[in-house]
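Numbering-wise (full-length UniProt numbering), the sequence shown opens with residue 1 and increments by one.
Heads up, the beta-carbon is just placed ideally off N, CA and C, and yes, glycines get one too.
Working notes for the structure below.
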Amino acid sequence: MSSPQIIMRATVGGRRVILDDYYVSYLWLRNNTPEDARILSWWDYGYQITGIGNRTTLADGNTWNHEHIATIGKMLTSPVKESHALIRHLADYVLIWAGYDGSDLLKSPHMARIGNSVYRDICSEDDPLCTQFGFYSGDFINLRL
């Protein structure tokens, strides 16, 4: 499930900490990439990248074009060489989130399922809903993300 929060509070070892990785990352994009840079990420982060990072994204929360979101899913879940062949023509940077409950590794089965709904080569024919895809499956070992 997507979370629109960019700054979160947590307790670690009885101590309250502020997790601002999203915010800091978007500021990094703003301050360290060209103004015309195109950022590829899963659609969940698109508005935040545009609003805080002031950069163009390939997808945002306006998911009216299913085929476009499926293409993003294919790019983010295909083997590295195949992904690179697609991404290099469309994006200058790729943003992948890891380490939180909502990390892209945990979302990868959803990315694969959406991608596979248009591009039928992401998941096996006997698993069209991509239930065997993701972090805890053999696909992760193949470095798909």
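Give the single residue among L40, G14, I49 and T33 whose Cα lies nearest to the Cα of I6. As a working note, residue 6 is residue 6 in the sequence shown. When only C-alpha atoms are compared, the closest one is I49.
Hey, how far is the Cα of A10 from the Cα of I96? Mapped onto the sequence shown, residue 10 falls at position 10. Mapped onto the sequence shown, residue 96 falls at position 96. Their backbone Cα atoms lie some 22 Å apart in a straight line.
For the pair the stretch 61-74 and the stretch 126-135, tell me if three or more CB-CB distances fall below 8 Å. no
What are the start and end residues of each continuous alpha helix (DSSP H) run of 4 or more residues lying completely inside the stretch 14-55, in chain order? 21-32 and 46-53
Across the stretch 79-97 and the stretch 33-46, are there enough close Cβ pairs to call them in contact, namely three or more that are closer than 8 Å? yes
N54 and R30: beta carbons closer than 8 Å? As a first step, residue 54 must be located in the sequence shown, where it is residue number 54. As a first step, residue 30 must be located in the sequence shown, where it is residue number 30. It is a contact, given that the beta carbons lie within the stated cut-off.
Taking just the CA atoms, how far does M75 sit from R16? Numbered from 1 along the sequence shown, position 16 holds the residue referred to as residue 16. Numbered from 1 along the sequence shown, position 75 holds the residue referred to as residue 75. Distance between the alpha carbons of R16 and M75 is about 37 Å.
Candidates M8, E125, V12 and V24: closest to I18 by CA position: For this step, residue 18 is matched to residue 18 along the sequence shown. Residue M8 is the option with its Cα nearest to I18.
Bridge partners for T71 per DSSP, in chain order? Taking the first residue of the sequence shown as 1, we reach residue 71 at position 71. Paired residue(s): none; T71 is not in a bridge.
Starting from R9, follow the beta strand (DSSP E) in both directions and report where the run begins and ends. On the sequence shown, residue 9 is found 9 positions in, with the first residue counted as 1. Element bounds for R9: M8 to V12.
When you compare only the Cα positions, how much space is there between S124 and G13? Sequence index remark: in the sequence shown, residue 124 carries index 124 (1-based). Sequence index remark: in the sequence shown, residue 13 carries index 13 (1-based). Going from the Cα of S124 to the Cα of G13 covers about 43 Å.
Three-state class that DSSP yields for T131 in the structure shown: Along the sequence shown, one-based indexing puts residue 131 at 131. DSSP places T131 in coil when its eight states are reduced to three.
For L27, which residues from the same chain have a beta carbon less than 8 Å from its beta carbon, with the 5 sequence-adjacent residues on both sides left out? Along the sequence shown, read from residue 1 onward, the residue named residue 27 stands at position 27. I52 and G53.
Quick one: grab the DSSP three-state call for L145. For the purposes of this step, residue 145 is taken as residue 145 along the sequence shown, with counting starting at 1. Residue confidence is low: L145 scores 43 on pLDDT, short of 50, so the model does not pin down where it sits. Its coordinate-derived value is still stated next. Looking at L145 - three-state DSSP - the assignment turns out to be coil, as it is neither helix nor strand.
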